[in-house]
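One structure is given below, encoded as C-alpha cells.
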Amino acid sequence: MDLSSYLLVGAVLFVAGVVCMATKRNGIGVLMGVELVLNGANINFVAFANYTRLGLDGQVISLFVIVLAAAEAAVALAIALSFYNNHLTIDVDQANQLQG
Amino acid sequence: MVCDMNFSELLSRVVQDTVGNNPFGDLSGVLSGKQPTFMDGSLLMFLPELIVVGTILALLFVRLLDLDKVISGQSVALLGATVALLVAVVQFLAIKNLDPSTSGVVLPKTMFTGLLVYDAFTVFFKVFLLLFLQLVVYLTQLTGLPDRDDAPDFYTLLFGSTLGMLLMISSNNLLMVFLGIEMTSVPSYAMVGFLKGRRTSSEAAFKYVVYGAGAAGVMLYGISLMAGLLGTASFPEMAARLNLVIGSGPLKLDATLLTLLLSIVMILVGIAFKLSIFPFHFWGPDAFEGAATEVAGFLSVASKGAAFALLIRVLLALVGIDQAPSGVMTPVFFYLGIAISVLAAVTATFGNLAAYSQNNIKRLLAYSTIAHAGYMLMAVGAMMVLLNASKHVPDPAARWELAIRAIEGLLFYLWVYMFMNLGAFAVAALIRNELFSEDITDFGGLWTQAPVLSFTMACCMFSLIGMPPFGGFTGKFMVFSSLFQAGHYHWAMWGVLAVAGINTVFSLFYYVRVLKFMFIAPAKDGARRVRVPAWSAAWFFVLSLAVLVLLTGMWGAAPLSATAHEVAAALFP
Numbered sequence: 354m355d356l357s358s359y360l361l362v363g364a365v366l367f368v369a370g371v372v373c374m375a376t377k378r379n380g381i382g383v384l385m386g387v388e389l390v391l392n393g394a395n396i397n398f399v400a401f402a403n404y405t406r407l408g409l410d411g412q413v414i415s416l417f418v419i420v421l422a423a424a425e426a427a428v429a430l431a432i433a434l435s436f437y438n439n440h441l442t443i444d445v446d447q448a449n450q451l452q453g
Numbered sequence: 008m009v010c011d012m013n014f015s016e017l018l019s020r021v022v023q024d025t026v027g028n029n030p031f032g033d034l035s036g037v038l039s040g041k042q043p044t045f046m047d048g049s050l051l052m053f054l055p056e057l058i059v060v061g062t063i064l065a066l067l068f069v070r071l072l073d074l075d076k077v078i079s080g081q082s083v084a085l086l087g088a089t090v091a092l093l094v095a096v097v098q099f100l101a102i103k104n105l106d107p108s109t110s111g112v113v114l115p116k117t118m119f120t121g122l123l124v125y126d127a128f129t130v131f132f133k134v135f136l137l138l139f140l141q142l143v144v145y146l147t148q149l150t151g152l153p154d155r156d157d158a159p160d161f162y163t164l165l166f167g168s169t170l171g172m173l174l175m176i177s178s179n180n181l182l183m184v185f186l187g188i189e190m191t192s193v194p195s196y197a198m199v200g201f202l203k204g205r206r207t208s209s210e211a212a213f214k215y216v217v218y219g220a221g222a223a224g225v226m227l228y229g230i231s232l233m234a235g236l237l238g239t240a241s242f243p244e245m246a247a248r249l250n251l252v253i254g255s256g257p258l259k260l261d262a263t264l265l266t267l268l269l270s271i272v273m274i275l276v277g278i279a280f281k282l283s284i285f286p287f288h289f290w291g292p293d294a295f296e297g298a299a300t301e302v303a304g305f306l307s308v309a310s311k312g313a314a315f316a317l318l319i320r321v322l323l324a325l326v327g328i329d330q331a332p333s334g335v336m337t338p339v340f341f342y343l344g345i346a347i348s349v350l351a352a353v354t355a356t357f358g359n360l361a362a363y364s365q366n367n368i369k370r371l372l373a374y375s376t377i378a379h380a381g382y383m384l385m386a387v388g389a390m391m392v393l394l395n396a397s398k399h400v401p402d403p404a405a406r407w408e409l410a411i412r413a414i415e416g417l418l419f420y421l422w423v424y425m426f427m428n429l430g431a432f433a434v435a436a437l438i439r440n441e442l443f444s445e446d447i448t449d450f451g452g453l454w455t456q457a458p459v460l461s462f463t464m465a466c467c468m469f470s471l472i473g474m475p476p477f478g479g480f481t482g483k484f485m486v487f488s489s490l491f492q493a494g495h496y497h498w499a500m501w502g503v504l505a506v507a508g509i510n511t512v513f514s515l516f517y518y519v520r521v522l523k524f525m526f527i528a529p530a531k532d533g534a535r536r537v538r539v540p541a542w543s544a545a546w547f548f549v550l551s552l553a554v555l556v557l558l559t560g561m562w563g564a565a566p567l568s569a570t571a572h573e574v575a576a577a578l579f580p
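Going down the list, the sequences are from chains A and B. Using this note's numbering, the first residue of the first sequence is number 354, and each one after it goes up by one. Using this note's numbering, the first residue of the second sequence is number 8, and each one after it goes up by one.
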C-alpha cells in the first residue's frame, strides 16, 4: 500500500460527500454528506502523517477534526429539529420563505 | 520534530511554554503599566481569551446554581466583556511601547508551542473584537433580546463565537485556521436560530448550518492537501517549503502545482464563505433576515473582521515575508491577487445591485455588508499584487511599504465599519422594539418622533456611502489609493478601481432611500409611535456611535491610521 491508494480513498469520500450535499433533498442527508467530506479529509491527514514529513501533526489534526465534527453534528441536528418543529418536514426545498 | 527527549523533559518544556518562567512578576509589571514588561508564558498572552472562557463558565454556573435571581446573566456578560477588553488594551499599550533593544524581547512571539502567534496585529484585533463584543452585549441589554431566563444561554453562544474569532486572528497553524473557523461558526448557527418559535429563524439557521458545514468541509479537505504537500502545518515554515516543493526554474503545470492551486482555492473558499464573497454570499441575506437584528449586527462585523485577519495571515504565510524577491511562486500569487480583486469588484457590484429592491432593513443591510466585504477584499487583492510585483519593484522593503499601506487601509476601514454598521443595526433594533416592523416603508415620519435615532441612522448611512466628513470616506479613500498604487503594476487594478468608484455611486440610492422614508415620508395612518426618551441609555448609546462615526472621519482619522500603520508594519518584522 502506498500513499496514493489512501489518498484515492480520501478523494472518493470527498467527492461522494460533495455529491451527497448537492443532490440530497433531505436535510439529514446533506449533513451526512458533510460528515463524508470531513472524514475524507481525515483519511488524508492520517495517510500524510504516515508517509510525509507532516508526522504526528497529521494524526493530532485528525483527532481534533473528529471532535469538531461531533460538535457540529450536535448543533446541526438540533437546528434540523427546530426546523422540523416549525415546518413539519426537513426537505431543504421547503426552506424557501426567505429569498429575494 | 522532538524525538530525542524523554517524557519528563518534554513535559517540563510544555509547562514552561505555557506558564513561563516567572508569571507573577510579569503580571504585576503588565498590570501596573509602569514598565512594558513582556510575558514569556503563553497563559499571560492568552489572558483576554481566558477571561472570555471564564465568563462562559461563570454564565453556566449562574444558571446551574440558580444564582440568576441574584445576579443576572447580562451583568455577568457585561462584566466579563469589559474586563477582557481592559486586559487587551493593556496588552496593546505594552506591545506598542515595547523597545526590543532594551527589553530583549523579539516579536512575534508564539504561544502554545507555536500554534498561535502573538504580535501587534493579534492584539490590535483582540481589542477590536472585544470592544465590539462589549458594545453588542450592551446593545442586547438595551433591546432586551435575551430575556432573563435565556440570557446565560445567549451570552454563552456569543462569547463562544468570539473566542473562536480570537483564535482565528492569532492562528499560526493550519489546524488553528480550521478550529477557529469552526469555533466561530458553530455557536453562530445556534445564535441565528435563537428565536426558536419563528419559521423564518429556523429556516435561516438551517440554511446557514447546511452551507456553513459544507464550506468548512471543503476547506478542511484543502487544508489536508496543503499540509500533506508541504509536509508542515505551521505558517512560518510554509513559504520556504513551498519553494522547495515547487522547485526552481520555470513553473510547470504539473500534478504538484495543480494540487497546490486546488488546495489554495479550497482554503480560500472556506474563508470567502465567512466573508460572504460572491459566489459564496447567498447565505448572508437569508441568515440575516431570519436572525434577530442584534445577532445579524454581530455576525456582519465580528466574523468579517476576524475572517479578514485570518485571510491576511494565510496569504502572508504562503507568500512569505523573509525571502529573496524572486520566489518561484511570485507570478502565481501576483495573478491570485488580481483574481481576488476582480472577485471583490464583482462582490461589491452584486451586493449594491441586489440591495435596491429590498424593503426589509436587515436584508438591505445584509446586501450592504456583502458590498462592503467586497470593498475591503479589494485592499487584500492590492496587498497581494503589491507584495508580488517583484518584476517591477525588486527591492522588498519598497514593496513591503506599499503592502503595509494596503493593510493599513483595510484595518482603518474595519474600525469605521464596526461603528457605522453597528450604529445602523442598533437603530434598526430599537425601531423594531417600538414599531414591531423591520420594513423601511413603515419608517415614515421617524424624524419627528425619534430625532436622535434618525440622526444616527443618517450618519451611519452617509458613512456607509462614503461621504466626507464621515469615517467611511476616509476608509474608502485609503483602500482606493492602494488600488491605484497597485494599478501601476497591472492595468486590471485600475479597472477594479473604476468599478469600485461606480459602485459608490450606485450605493447612494438605496442608502438614501432609507433616509427618505425616515425624514421625508409622512407617518402611516394608525402607525405606532416611536418613543426614545432623551438622556436614556439607548439614546446615549446610539448618539455615541454617531459621534464615533464622525470622529473617525475627522480628528480621529490621523491617530487611528497611524496606529493601523504600526500594526500592519509589525506583520513584516
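Backbone N, C-alpha and C fix where the C-beta goes; we use that ideal spot for every residue, glycine too. Predicted, not measured: the structure shown is a model, and the values here were computed from it.
Item, Value
"Within chain A, partners of GLU189/B - CB distance below 7 Å", "LEU421, GLU425"
"Helix, strand or coil at THR405/A [DSSP, three-state]", "coil"
"Beta-carbon proximity check, VAL392/B vs ALA246/B, cutoff 9 Å", "no"
"Burial state of PHE135/B, where buried means 16 or more other Cβ atoms lie within 10 Å", "buried"
"Those runs of the beta strand (DSSP E) which lie wholly inside the region 121–193 of chain B and span at least 3 residues", "123–125"
"Per-residue DSSP class, three states only, for TRP336/B", "Looking at the sequence provided, one finds Met at residue 336/B rather than Trp. Coil."
"C-beta neighbour in chain E for LYS203/B, strict 9 Å", "As a matter of chain content, chain E is missing from the structure shown, whose protein chains are A and B."
"Closer than 7 Å at the beta carbon, the chain A residues around LEU182/B", "ILE414, PHE417"
"Neighbour-count burial assignment, ILE319/B, 16 or more Cβ in a 10 Å radius", "buried"
"Close beta carbons around ALA528/B, own chain, < 6 Å, minus the five adjacent residues each side", "GLY451"
"MET118/B - containing beta strand (DSSP E), residue span", "116–118"
"Endpoints, alpha helix (DSSP H) assigned at ASN440/B", "403–442"
"Residues near ALA369/A in its chain [Cβ-Cβ closer than 7 Å; skip 5 each side]", "LEU389"
"ALA424/A and VAL216/B closer than 9 Å at C-beta", "no"
"Assumed close pair GLY380/A, ILE443/A - CB separation to whole angstroms, cut-off 8 Å", "4 Å"
"Cβ neighbours of LEU148/B in the same chain (closer than 6 Å, five flanking residues each side left out)", "It should be pointed out that residue 148/B corresponds to Gln in this sequence rather than to Leu. For GLN148/B, where only same-chain residues beyond five positions count, the Cβ hits under 6 Å are GLN81."
"C-alpha distance - ASP446/A paired with THR455/B, whole-angstrom precision", "44 Å"
"Where the region 386–399 of chain A meets chain B: residues whose CB sits under 9 Å from a CB there", "GLY386, VAL387, GLU388, LEU389, VAL390, LEU391, GLY393, ALA394, ASN395, ILE396, ASN397, PHE398"
"Interface positions of the region 204–215 of chain B facing chain A (Cβ-Cβ less than 9 Å), listed along the chain", "GLY204, ARG205, ARG206, THR207, SER208, SER209, GLU210, ALA211, ALA212, PHE213, LYS214, TYR215"
"Residue from LEU182/B, ASP402/B, ALA575/B with nearest C-alpha to VAL413/A", "LEU182/B"
"First and last residue of the uninterrupted alpha helix (DSSP H) at ILE604/B", "Beyond the ends of chain B as shown, which are 8 and 580, falls residue 604/B; an answer cannot be given."
"Neighbour list for GLY370/A in chain B, Cβ cutoff strictly below 8 Å", "GLY224"
"9 Å Cβ cutoff, PRO292/B in contact with chain A", "yes"
"The region 159–177 of chain B in contact with the region 262–272 of chain B per 3-pair CB rule at 8 Å", "no"
"Beta-carbon proximity of GLY229/B to VAL276/B, cut-off 9 Å", "yes"
"Endpoints, the alpha helix (DSSP H) within which PHE14/B is located", "14–26"
"Per-residue contacts from TYR196/B into chain A (C-beta, under 8 Å)", "VAL428, ALA429, ILE432"
"PHE242/B versus LEU249/B - alpha carbon distance", "11 Å"
"Exposure label - MET464/B; buried when at least 16 CB within 10 Å", "buried"
"Beta-carbon gap between GLU189/B and GLY171/B smaller than 9 Å", "yes"
"Extent of the continuous alpha helix (DSSP H) run through PRO566/B", "564–576"
"DSSP state of ASP261/B mapped onto helix, strand, coil", "coil"
"Validate contact between the region 465–484 of chain B and the region 346–365 of chain B using beta carbons, cut 8 Å, 3 pairs", "no"
"Residue-level contact to chain B via CB, ARG378/A, 9 Å cutoff", "no"
"Minimum Cβ-Cβ distance from MET374/A to chain B less than 9 Å", "yes"
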